[in-house]
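In the UniProt record's numbering, the protein residues as written are 1 to 68.
Think of the CB as a built atom: it goes at the ideal place given N, C-alpha and C, for glycine as much as any other residue.
Have a look at the structure below, then the notes.
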């Protein structure tokens, strides 16, 4: 049975992903940047740019997870 979780982390607040036993983590999507002004709100100047993202975020996260 699969358990689906969504994890969010804001700047300066890292997260650690772990699975019990032999369970595995499969990343469905990843984003590094800002796509709206609701999550991780900061000072107003930062909130103006909501088209900030890293296109390779999924690839980077998958590599880090599989080779950690």
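Check, Outcome
"Cβ separation of residue 11 and residue 52, assumed to be a contact under 8 Å, to the nearest whole Å", "Not quite, the Cβ-Cβ distance comes to about 12 Å (not below 8 Å), so this is no contact."
"Cα-Cα separation between residue 37 and residue 49, rounded to whole angstroms", "8 Å"
"Neighbour-count burial assignment, residue 34, 16 or more Cβ in a 10 Å radius", "buried"
"Residues bridged to residue 33 [DSSP beta-bridge criterion]", "53"
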